[in-house]
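**Q**
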Amino acid sequence: MTDLGCATWSLPQSCQPAVLPQQLVLHAGVQTLAQLRLLRACPVNNEQALNVGLGGYSGSHKVSAIGLNLVEAFGLNEQGARRFQTEFFESAVHIVKQAAFLEVPAVYIPSFNKNEIVQASDFAATATFFRRLCRAVRGLPVMIASENSLSAGHQSALVHQVDEPNFRILLDIFNPLRWGHSVEEILCSVHPYLLDQVHVKDGILPAYDNVPLGRGEGNVAGIIDTIERLGFCNTYILENNYSLLSIAGLNADIAFVRSRLSGVQRTP
Amino acid sequence: MFEQKKLRQLLEHSTPMARVSSCLSVDWEDRYCVFVNRLAAAPQGQTSRPNSSAPGSGPLAGVGFVVKDSIDVLGFATTNGTAALNNNYPTSDHQLVARLRSMGGICVGKANLDEMSYGWASDNAYYGQVINPTFPEHSPGGSSGGCAAAVAGGAACFAVGEDTVGSVRIPAAFCGLSAYRALCAQPASHEVCPLTSSGYDQLGLIAPSIDDISKLESLIHDYEELPVLAPGELSIAVAANFSLSALAPEVEASMHDAIFKLAGAGATLVMHEVPDSFGSAACALTTIVNYEFLPAFNSYLESRAGEPATLERLLDHRHTLAARRIRSLALPTGRPVQAVYERARLTANQIKQDVVDYFQQTQCQVLIHPTVAINVATSDIHSHASTDPLALARHVSVATCARTIAMNFSMTSPKGLPVGIEMLCAPTIDSKQALAICRTIETIVKD
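Taken in sequence, the protein lines are chains A and B.
Using our numbering, the first residue of the first sequence is number 4, and each one after it goes up by one.
Using our numbering, the first residue of the second sequence is number 694, and each one after it goes up by one.
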């Protein structure tokens, strides 16, 4: 059974966890330094406090990944502040341990905005960071993933550079188009190293806004069909901007993905 | 240092006579510069003062309290912390003071404050620098610093202060106490020296705990207190961009501790960011104070016979730091221009609406945040450049702009510094409910 879910930062700010359908799986985000520090201060096994740190979502829903999104405002590459890098690394290790306690199977770090991998030195710094993190939490039942703007070739190179069994790439089915990459090519060459959870959104380039699934240039239906044929994905996480598209838009997107899943047979 | 007197304990476990005896026998050496004026101490060996009026009856019989010297108490000059008003004798008590006295409470003195309430350090050129009895290396806060020091040092069971930009909440937080900024109709300007003319000044209470304040409020307003809540009935908002951001490490650690204790007890905590307008509250409020102070104070002076007719005349030949600050910020030469003031009023009104919307979205009873995001060492008081007034006022100003009930209690940080935890109450809850909710939160966090 494939799970369907949503990224919490995609939801309208006024949307409280309790109003979401119970069966939705969630990606919880660490959006601010304050939130990171709250989690860092929280004992690994304090379930109620962890729930607060994760925005209250882990108390009511299954959280399938924690995204350390605040890094987009700071950066881990060479230009990033060294002091923050140390704090972030230590916090990330702590949060992975908390994820293990909460039975959250993945923690991922996005490489966009200030953390984007633009040049070779960024690539090297990012790979080094992931290698250190994967080694520091080796043995825990939590995958460490990178969500980034790299091409298929560079994604593969990153996987090989990190070279740790608990490292994965988190695929977003629309983001690669924004950087001129082919999603199909990434799927084809990187899928053994892709996380079993995929971000789903749609849009019309070059605008950055989202549109309901199936109404943009993302070929969402075709990509989902391909993913299903490859059979690596257990969870689709909707990541359209539902502050603009509303909760009704979320429900429409859920229906869209469900309709694709019901019509596609996985490769045995 | 004298022991703090827990009001509820005192009322429930001592006789009125014993309270009177305890209240009047304290030959309290004013080593903390608490008082501007006070009742004379009893001669050694005597438990009551000669000619002192007999202890009245009533639920507060024999309970000593202090009043900030900007509020009228019959028998004391209302100096507002300036020698220029040494002869400003009121003809009646402020209505709250009258109520407390009618219940048997004894006003033991008028408490020191920043001159004309214009500051947060309680460093008064005429009456001395108030010392924080609980954390002597830390600022006592202001402007009601004498009130907090009196309660923290054991000179009184509680204090009546006035709060515009945190003047009750900040000193309570810094002196290890609790404070309550009530939500009353605009106080009569002729009974309180004002800072503003549009209702941002509110009276407040300082006591060792919110539990004490709750008891006191129930007596003042003659109602039965609501019981404390079960932790599961608490719904508390935490805003990462307000409650937890840009805090001094000690403050941050205490906030984390409070949140973990509340979550561990079973309270519902909702992480929900506040609108950007909250960040403008301190700037808007200080602008409003700087603009309104002149007309508000002139109107006050007009109502007092025998006092100089204008603030300008009052400050003539006064060369204290506060007088200079008032001249540069609130008198016509430095006062904000009307357009800036009007923008500040718009911002304050926007914050009020944003607070309503915030609680509608979160469905929480309170938003929890630090009273003050920074620590202010005693040594910082005199180096004004090192203490950013807007950083001091950043959190407390939101409740003032929103005109909501706010109260706070104090924790001791891991390194032994005072940290105030404030609860900004939802506009939909009344003071009775707010006190029940906040005393429950205080009990959980301080346990």
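All C-beta atoms, glycine included, are put in the ideal place defined by N, C-alpha and C.
All values reported here derive from a predicted model rather than from experimental measurement.
Tell me where the beta strand (DSSP E) around residue 235 of chain A begins and ends.
**A** Position 232 of the first sequence, counted from the start, is the residue given in the question as residue 235 of chain A. Per DSSP, residue 235 of chain A belongs to no beta strand (DSSP E) and is neither H nor E.
**Q** Is the separation between the beta-carbon of residue 797 of chain B and that of residue 709 of chain B shorter than 8 Å?
**A** For this step, residue 797 of chain B is matched to residue 104 along the second sequence. For this step, residue 709 of chain B is matched to residue 16 along the second sequence. Cβ distance < 8 Å, so residue 797 of chain B and residue 709 of chain B count as in contact.
**Q** Comparing the C-beta of residue 730 of chain B with each C-beta of chain A, is any distance below 8 Å?
**A** Indexing the second sequence from 1 puts residue 730 of chain B at position 37. No, residue 730 of chain B does not count as interfacial toward chain A.
**Q** Which residues, in chain order, does the stretch 9-35 of chain A contribute to contact with chain B at a C-beta distance below 8 Å?
**A** For the stretch 9-35 of chain A, which is checked against every Cβ of chain B, the residues closer than 8 Å are 16, 17, 19, 34 and 35.
**Q** How far does the alpha helix (DSSP H) with residue 156 of chain A in it extend, from its first residue to its last?
**A** Position 153 of the first sequence, counting from 1, holds the residue named residue 156 of chain A. Element bounds for residue 156 of chain A: 155-165.
**Q** Within 10 angstroms of its Cβ, does residue 743 of chain B collect 16 or more other Cβ (buried), or is it exposed?
**A** Within the second sequence, numbered from 1, the residue matching residue 743 of chain B stands at position 50. Confidence at residue 743 of chain B is low in this model, with a pLDDT of 36, below 50, so the placement of that residue should be treated as unreliable; the coordinate-derived value is given next. Burial call: exposed.
**Q** Please list, in chain order, the chain B residues whose beta carbon lies closer than 8 Å to that of residue 40 of chain A.
**A** Taking the first sequence and counting its residues from 1, the one referred to as residue 40 of chain A is at position 37. Under the 8 Å cutoff, chain B gives 937, 945 and 949.
**Q** Spatial neighbours of residue 117 of chain A within its chain, please: CB distance less than 7 Å, with the 5 preceding and 5 following residues excluded, ordered by chain position.
**A** The residue labelled residue 117 of chain A in the question sits at position 114 within the first sequence. Closer than 7 Å at Cβ, skipping near neighbours: 75, 76, 77 and 78.
**Q** Compare the beta carbon distance of residue 732 of chain B and residue 823 of chain B with 8 Å and say whether it is the shorter of the two.
**A** The sequence position of residue 732 of chain B within the second sequence is 39, counting from 1. The sequence position of residue 823 of chain B within the second sequence is 130, counting from 1. Going by C-beta atoms, residue 732 of chain B is not nearer than 8 Å to residue 823 of chain B.
**Q** Which residues in the same chain have their Cβ closer than 6 Å to the Cβ of residue 752 of chain B, if we skip the five residues on either side of it in sequence?
**A** Counting from one through the second sequence, the residue named residue 752 of chain B turns up at place 59. Excluding residues within five positions, the ones whose Cβ falls inside 6 Å are 796 and 912.
**Q** Please return the same chain residues whose Cβ sits closer than 7 Å to the Cβ of residue 207 of chain A, not counting the five positions on each side in sequence.
**A** Counting from one through the first sequence, the residue named residue 207 of chain A turns up at place 204. Excluding positions up to five away in sequence, the list reads 214, 219 and 220.
**Q** When you compare the CB of residue 741 of chain B with every CB in chain A, is at least one pair closer than 8 Å?
**A** The sequence position of residue 741 of chain B within the second sequence is 48, counting from 1. Below a pLDDT of 50, predicted positions are generally treated as unreliable, and residue 741 of chain B, at 41, falls in that range; no measurement from the model is reported.
**Q** Taking 8 Å as the threshold (C-beta atoms), are residue 1071 of chain B and residue 832 of chain B in contact?
**A** Residue numbering aside, residue 832 of chain B sits at position 139 when the second sequence is read from its first letter. Residue numbering aside, residue 1071 of chain B sits at position 378 when the second sequence is read from its first letter. In contact: residue 832 of chain B and residue 1071 of chain B (Cβ atoms closer than 8 Å).
**Q** Check whether the Cβ atoms of residue 1116 of chain B and residue 872 of chain B lie closer than 8 Å to each other.
**A** Mapped onto the second sequence, residue 1116 of chain B falls at position 423. Mapped onto the second sequence, residue 872 of chain B falls at position 179. Cβ distance not < 8 Å, so residue 1116 of chain B and residue 872 of chain B don't count as in contact.
**Q** Which complete beta strand (DSSP E) runs does the stretch 165-213 of chain A hold, if anything under 3 residues is left out?
**A** Here the runs fully enclosed are 170-175 and 197-203.
**Q** Any contact between the stretch 34-53 of chain A and the stretch 66-73 of chain A? By contact I mean 3 or more CB pairs, one from each, below 8 Å.
**A** Yes, since at least three Cβ pairs between the stretch 34-53 of chain A and the stretch 66-73 of chain A fall closer than 8 Å, the two stretches touch.
**Q** Who does residue 961 of chain B pair with in a DSSP beta bridge?
**A** For the purposes of this step, residue 961 of chain B is taken as the residue at position 268 of the second sequence. Residue 961 of chain B is bridged to B:928.
**Q** Within 8 Å of any Cβ in chain A, is that where the Cβ of residue 978 of chain B sits?
**A** As a position in the second sequence, residue 978 of chain B is number 285, starting the count at 1. It does not; no Cβ of chain A falls within 8 Å.
**Q** Determine the burial state of residue 183 of chain A: buried for a count of at least 16 other Cβ atoms within 10 Å of its Cβ, exposed for fewer.
**A** Numbered from 1 along the first sequence, position 180 holds the residue referred to as residue 183 of chain A. Residue 183 of chain A should be labelled exposed.
**Q** In the structure shown, what three-state DSSP assignment does residue 966 of chain B receive?
**A** Walking along the second sequence from the start, residue 966 of chain B turns up at place 273. Residue 966 of chain B: coil per DSSP, three-state reduction.
**Q** Among all the DSSP beta bridges, which residues are the ones paired with residue 814 of chain B?
**A** Along the second sequence, read from residue 1 onward, the residue named residue 814 of chain B stands at position 121. Answer is none; residue 814 of chain B lacks a bridge partner.
**Q** How far does the beta strand (DSSP E) with residue 896 of chain B in it reach, from first residue to last?
**A** Along the second sequence, one-based indexing puts residue 896 of chain B at 203. Per DSSP, residue 896 of chain B belongs to the beta strand (DSSP E) from 895-900.
**Q** With 16 as the cutoff for other CB atoms within 10 Å, does residue 745 of chain B come out buried or exposed?
**A** For the purposes of this step, residue 745 of chain B is taken as residue 52 along the second sequence, with counting starting at 1. Note that residue 745 of chain B scores 43 on pLDDT, short of 50, meaning its location in the model is unreliable and no value can be drawn from it.
**Q** Go to residue 1062 of chain B, then tell me how far its beta strand (DSSP E) extends in each direction, as first and last residue.
**A** Walking along the second sequence from the start, residue 1062 of chain B turns up at place 369. Here the beta strand (DSSP E) through residue 1062 of chain B covers 1059-1063.
**Q** Go through its chain and collect everything with a Cβ distance to residue 224 of chain A's Cβ below 7 Å, but skip five positions before and after it.
**A** The sequence position of residue 224 of chain A within the first sequence is 221, counting from 1. Closer than 7 Å at Cβ, skipping near neighbours: 217 and 263.
**Q** Which residues in chain B have a C-beta closer than 8 Å to the C-beta of residue 52 of chain A? List them in chain order.
**A** Counting from one through the first sequence, the residue named residue 52 of chain A turns up at place 49. Chain B residues near residue 52 of chain A: 952, 953, 956 and 957.
**Q** Which one or two residues does DSSP pair with residue 1116 of chain B in a beta bridge?
**A** By 1-based counting over the second sequence, the position of residue 1116 of chain B is 423. Bridge partners of residue 1116 of chain B: B:1061 and B:1100.
**Q** Given 8 Å as the limit, is there contact between the stretch 853-870 of chain B and the stretch 883-903 of chain B, that is, 3 or more CB pairs closer than that?
**A** Contact between the stretch 853-870 of chain B and the stretch 883-903 of chain B is present, because at least three Cβ pairs lie under 8 Å.
**Q** Could you tell me whether any non-hydrogen atom of the ligand MN is closer than 7 Å to the CB of residue 222 of chain A?
**A** Judged by which ligands are present, the structure shown has none, so any question about the ligand MN falls away.
**Q** According to DSSP, is residue 1048 of chain B part of a helix, a strand, or is it coil?
**A** Here residue 1048 of chain B corresponds to residue number 355 of the second sequence, with the count starting at 1. Residue state, collapsed to three classes: helix.
**Q** Name the chain B residues whose beta carbon is nearer than 9 Å to that of residue 244 of chain A?
**A** Taking the first sequence and counting its residues from 1, the one referred to as residue 244 of chain A is at position 241. Here the premise fails: no neighbours, minimum Cβ distance about 16 Å.
**Q** Give, in chain order, every residue of the stretch 1102-1119 of chain B whose Cβ lies closer than 7 Å to some Cβ of chain A.
**A** Per Cβ criterion, the list is empty.
**Q** Give the C-beta separation of residue 1122 of chain B and residue 809 of chain B to the nearest angstrom, bearing in mind that I take them to be a contact with Cβ-Cβ under 8 Å.
**A** Locating residue 1122 of chain B in the second sequence gives position 429, counting from the first residue. Locating residue 809 of chain B in the second sequence gives position 116, counting from the first residue. So it is not a contact: roughly 34 Å between Cβ atoms.
**Q** Return no unless some Cβ of chain A is closer than 8 Å to the Cβ of residue 1129 of chain B.
**A** Start at 1 with the first residue of the second sequence, and residue 1129 of chain B comes out as number 436. Not one chain A Cβ lies under 8 Å of residue 1129 of chain B.
**Q** List the residues of chain A that residue 966 of chain B touches, going by C-beta distances under 9 Å, in chain order.
**A** Numbered from 1 along the second sequence, position 273 holds the residue referred to as residue 966 of chain B. Simply 16, 34 and 35.
**Q** Could one say the Cβ of residue 58 of chain A lies closer than 8 Å to chain B's Cβ atoms, at least one of them?
**A** Locating residue 58 of chain A in the first sequence gives position 55, where the first residue counts as 1. Chain B, which has a Cβ nearer than 8 Å to the Cβ of residue 58 of chain A, makes this yes.
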